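Trainee: Dropping the structure in here first, questions after.
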Ligand SMILES: Cc1cc2nc3c(=O)[nH]c(=O)nc-3n(C[C@H](O)[C@H](O)[C@H](O)COP(=O)(O)OP(=O)(O)OC[C@H]3O[C@@H](n4cnc5c(N)ncnc54)[C@H](O)[C@@H]3O)c2cc1C
Ligand SMILES: Nc1ncnc2c1ncn2[C@@H]1O[C@H](COP(=O)(O)O)[C@@H](O)[C@H]1O
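Residue numbers (our numbering), protein chains in the order written: chain A, 869 to 1126; chain B, 578 to 916.
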């Protein structure tokens, strides 16, 4: 089974995320990391490969340095990584990103495309549905349990009304929830081995993606203005020095909550 | 009142010619044959913007429910009835909505966020090559243009967003707008649809509804909520003991409910319950937006998390950076000693 996992490099959790005031785009100059919930998608792909055979390819659209983060997926055990990177793709929104990824996936022809739950910078939790429509493949999102048997997948997902169990024939697109598994940590051997695994950075032209359908030219949403949110006053933050429990009690008593 | 406002603006303009007023089509989700609150809330908001307002109801046996959208501001309700739409699956709804957009000429298509609606909205964006702005907490007309408001980067900035083409697609954060029943009736129009071959390949094979057990979190004055930081199902003992010392109830995040650590009936958030206790204590919860929307109305929020960068510290009243396994038992003990 050929599995492709779509992943994204996002600002590391320790970086203070900000929008560049001139471009209104996310400032990506700080430390980057693999999007946390994409680790669950990589983990699920590895488990499926180990059970059914085949290969796991990692696919991303992003700046060249995003390969540093893709390497973590290789260290976990993925077989190869493809990064579509091009200055003309910067600023891509949902329609543009989904066009680029669907075109790149079209060339890969995977049996299964996996997505993570949501990117920690865009918080959309929507990309897979756009990609699946472009690929004309059945799609199941928010999957907390996944099984594949005889060319059919079955996924269990939570909605506002309980759990739905949905099945679909392969080839298909699946987005996993962050509760589906516990992502493994890369072993030292995995980290060393990652360096020699195939890592391809391709331009839009290489990937057969029309430049005017991505980046700002291909995007249909705009950012008009950025403002700070209404300030929340009276917030207290403290670090536990052994007396946190006492301080919480004092705080609650002061607020007359106990 | 709203009807006269709408018609006073004169005939509608076609797509692409710009300028308000225009048609706002709202996706109205149904559950058990009834329109859900979220969609009606967006419909009510749309009715305040001064354009034409229409609803789209897609399902099987939903025609009567659809007609009721008139009372919430829709002047037209487009209905697509088909067995292929019986199950709550997104892809056939993209086909149906594409047909409704073509039929109605709507320049704006809005959705109340839900697991289903988000997938429909994004699928439609790809199908129509349309811009989708998500997580909107407000929408307004400014200088004849539609502007959406979106808190971004963990709600640390407020962004005014727009669209550079029509139709404009918007996904509104769950719980943002309340339905306002203003009376009125809608013209119901049936729309026919041909489904794409791939759209009907995914099928619903089962629906599991977990029965609620234990005290309800909806009426509790104090809630102690646990997340993945509890480390495992046994970690909930800490929550239960702290809750009992405070006379409160226990809640959970989706991550731990999906993992089977705690029942769905205790889940707080977008796909769970919305609560507003006087005191909400979050143990080992990161504070994702989808959790926040279910508990941000709490009087006082106290969070214990070992990661100083956890988003929950952005909106907790008292944030404690530390190990819950150390702090929670001590806290329980101190509270018990006070009684
Ligand atoms: C469409 C959709 C709907 C959703 N609906 C909901 C919903 O209704 N409700 C909901 O909750 N989520 C919902 N989610 C999921 C949500 O995005 C998050 O994934 C989820 O809330 C995370 O749960 P968590 O905080 O328990 O886990 P995590 O995000 O993994 O956070 C665990 C936290 O525990 C901390 N921690 C670990 N160990 C310790 C320790 N010893 N002491 C102190 N702290 C510790 C960590 O630092 C971390 O911050 C939804 C997501 C989507 C996409
Ligand atoms: N630029 C990208 N390249 C590849 N995959 C992506 C990209 N952005 C998002 N994804 C994938 O889509 C999922 C949902 O992203 P989002 O809709 O932005 O929240 C992520 O968890 C990733 O699996």
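Even glycine gets a Cβ: it sits at the ideal position worked out from N, Cα and C. Values in this document were obtained by computation on a predicted structure and should not be read as measured data.
Mind checking which residues open and close the beta strand (DSSP E) that includes residue 1031 (chain A)?
Mentor: Against the first chain, residue 1031 (chain A) aligns to sequence position 163. First-last of the beta strand (DSSP E) with residue 1031 (chain A): 1030-1037.
Trainee: Taking the C-alpha atoms as reference points, what is the distance between residue 978 (chain A) and residue 781 (chain B)?
Mentor: Translated into the one-based positions of the first chain, residue 978 (chain A) becomes position 110. Translated into the one-based positions of the second chain, residue 781 (chain B) becomes position 204. Cα to Cα, residue 978 (chain A) sits roughly 24 Å from residue 781 (chain B).
Trainee: Under the three-state reduction of DSSP, which class applies to residue 868 (chain B): helix, strand or coil?
Mentor: Here residue 868 (chain B) corresponds to residue number 291 of the second chain, with the count starting at 1. Residue 868 (chain B): helix per DSSP, three-state reduction.
Trainee: In chain B, which residues lie with their C-beta within 8 Å of the C-beta of residue 963 (chain A)?
Mentor: For this step, residue 963 (chain A) is matched to residue 95 along the first chain. Simply 702, 703, 706, 707, 708 and 709.
Trainee: Using only the alpha-carbon positions, how far apart do residue 610 (chain B) and residue 705 (chain B) sit?
Mentor: Here residue 610 (chain B) is taken as the residue at index 33 of the second chain, counted from 1. Here residue 705 (chain B) is taken as the residue at index 128 of the second chain, counted from 1. The straight-line gap from Cα to Cα measures roughly 28 Å.
Trainee: Below 7 Å on C-beta distance, what does residue 993 (chain A) contact in chain B?
Mentor: The residue you call residue 993 (chain A) lines up with position 125 of the first chain. Per Cβ cutoff of 7 Å: 695.
Trainee: Note down the Cα distance separating residue 856 (chain B) from residue 931 (chain A), rounded to an integer number of angstroms.
Mentor: Residue mapping note: residue 856 (chain B) aligns to position 279 of the second chain, counting from 1. Residue mapping note: residue 931 (chain A) aligns to position 63 of the first chain, counting from 1. So the two alpha carbons sit approximately 44 Å from each other.
Trainee: Should residue 982 (chain A) and residue 1070 (chain A) be called a contact, given that it needs their Cβ atoms to be closer than 8 Å?
Mentor: One-based indexing of the first chain puts residue 982 (chain A) at position 114. One-based indexing of the first chain puts residue 1070 (chain A) at position 202. No, they are not a contact pair.
Trainee: Would you please verify whether the beta carbon of residue 1092 (chain A) is less than 8 Å from any beta carbon of chain B?
Mentor: Looking up residue 1092 (chain A) in the first chain gives position 224. Residue 1092 (chain A) counts as touching chain B.
Trainee: Measure the beta-carbon distance from residue 924 (chain A) to residue 917 (chain A) and round it to whole angstroms, keeping in mind my assumption that it falls under 8 Å.
Mentor: Here residue 924 (chain A) refers to the residue found at position 56 when the first chain is read from its first residue. Here residue 917 (chain A) refers to the residue found at position 49 when the first chain is read from its first residue. Indeed, because the Cβ distance is near 5 Å, the residues count as touching under 8 Å.
Trainee: Would you tell me roughly how many angstroms separate the C-alpha atoms of residue 1100 (chain A) and residue 734 (chain B), rounded to the nearest one?
Mentor: Here residue 1100 (chain A) refers to the residue found at position 232 of the first chain. Here residue 734 (chain B) refers to the residue found at position 157 of the second chain. Taking the straight line joining both Cα atoms gives about 13 Å.
Trainee: Ligand 1 and residue 882 (chain B): does the residue's C-beta get closer than 7 Å to at least one heavy atom of that ligand?
Mentor: The residue you call residue 882 (chain B) lines up with position 305 of the second chain. The answer is yes for residue 882 (chain B).
Trainee: Which runs of the beta strand (DSSP E), 3 residues or longer, sit entirely within the stretch 844-893 of chain B?
Mentor: You should have 856-860 and 877-882.
Trainee: Determine the direct distance from the alpha carbon of residue 843 (chain B) to that of residue 797 (chain B), and round the result to whole angstroms.
Mentor: By one-based count along the second chain, residue 797 (chain B) stands at place 220. By one-based count along the second chain, residue 843 (chain B) stands at place 266. In a straight line, the C-alpha of residue 797 (chain B) is about 12 Å away from that of residue 843 (chain B).
Trainee: Nearest-angstrom Cα distance between residue 597 (chain B) and residue 628 (chain B)?
Mentor: For this step, residue 597 (chain B) is matched to residue 20 along the second chain. For this step, residue 628 (chain B) is matched to residue 51 along the second chain. The straight-line gap from Cα to Cα measures roughly 7 Å.
Trainee: Using a Cβ-Cβ cut-off of less than 7 Å, give me the residues of the stretch 1026-1044 of chain A that come near chain B, in sequence order.
Mentor: So the list reads 1026, 1027, 1028, 1029, 1030, 1031, 1032, 1033, 1034, 1035, 1036 and 1037, given in the order they occur along the chain.
Trainee: Label residue 1053 (chain A) either buried or exposed according to how many other C-beta atoms from any shown protein chain fall within 10 Å of its C-beta, with 16 as the threshold for buried.
Mentor: Counting from one through the first chain, the residue named residue 1053 (chain A) turns up at place 185. Residue 1053 (chain A) is exposed by the Cβ-count criterion.
Trainee: Would a check of beta-carbon distances place residue 592 (chain B) closer than 8 Å to chain A?
Mentor: Against the second chain, residue 592 (chain B) aligns to sequence position 15. Only weak support is given to the placement of residue 592 (chain B): the predicted model assigns it a pLDDT of 42, under 50, and the value that follows is read from those uncertain coordinates. So, not an interface residue.
Trainee: List the residues that DSSP assigns as beta-bridge partners of residue 709 (chain B).
Mentor: Here the question's residue 709 (chain B) lines up with position 132 in the second chain. B:746, per the DSSP bridge assignment.
Trainee: Is the beta carbon of residue 694 (chain B) less than 8 Å from the beta carbon of residue 606 (chain B)?
Mentor: What you label residue 694 (chain B) is simply residue 117 of the second chain in a count that begins at 1. What you label residue 606 (chain B) is simply residue 29 of the second chain in a count that begins at 1. Cβ atoms of residue 694 (chain B) and residue 606 (chain B): closer than 8 Å.
Trainee: Once you ignore the five residues that flank residue 770 (chain B) on each side, which residues in its own chain have a CB closer than 7 Å to its CB?
Mentor: Within the second chain, numbered from 1, the residue matching residue 770 (chain B) stands at position 193. Closer than 7 Å at the Cβ level, and outside the excluded window around residue 770 (chain B), lie 657, 659, 672, 673 and 676.
Trainee: Taking Cβ positions, are residue 985 (chain A) and residue 908 (chain A) nearer each other than 8 Å?
Mentor: Stepping through the first chain from its first residue, residue 985 (chain A) is reached at position 117. Stepping through the first chain from its first residue, residue 908 (chain A) is reached at position 40. A contact, by the Cβ cut-off of 8 Å.
Trainee: With 8 Å set as the bound, which would you pick, yes or no: does the beta-carbon of residue 855 (chain B) sit closer than that to a beta-carbon of chain A?
Mentor: The count along the second chain starts at 1 and reaches residue 855 (chain B) at position 278. So yes, residue 855 (chain B) belongs to the interface.
Trainee: Can you tell me the Cα-Cα spacing of residue 1107 (chain A) and residue 883 (chain A), whole angstroms?
Mentor: Taking the first chain and counting its residues from 1, one reaches residue 1107 (chain A) at position 239. Taking the first chain and counting its residues from 1, one reaches residue 883 (chain A) at position 15. Cα to Cα, residue 1107 (chain A) sits roughly 19 Å from residue 883 (chain A).
Trainee: Exposed or buried, residue 1066 (chain A), counting other C-beta atoms within 10 Å across all chains shown (16 or more means buried)?
Mentor: Working through the first chain from its first residue, we reach residue 1066 (chain A) at position 198. Flag for residue 1066 (chain A) reads exposed.
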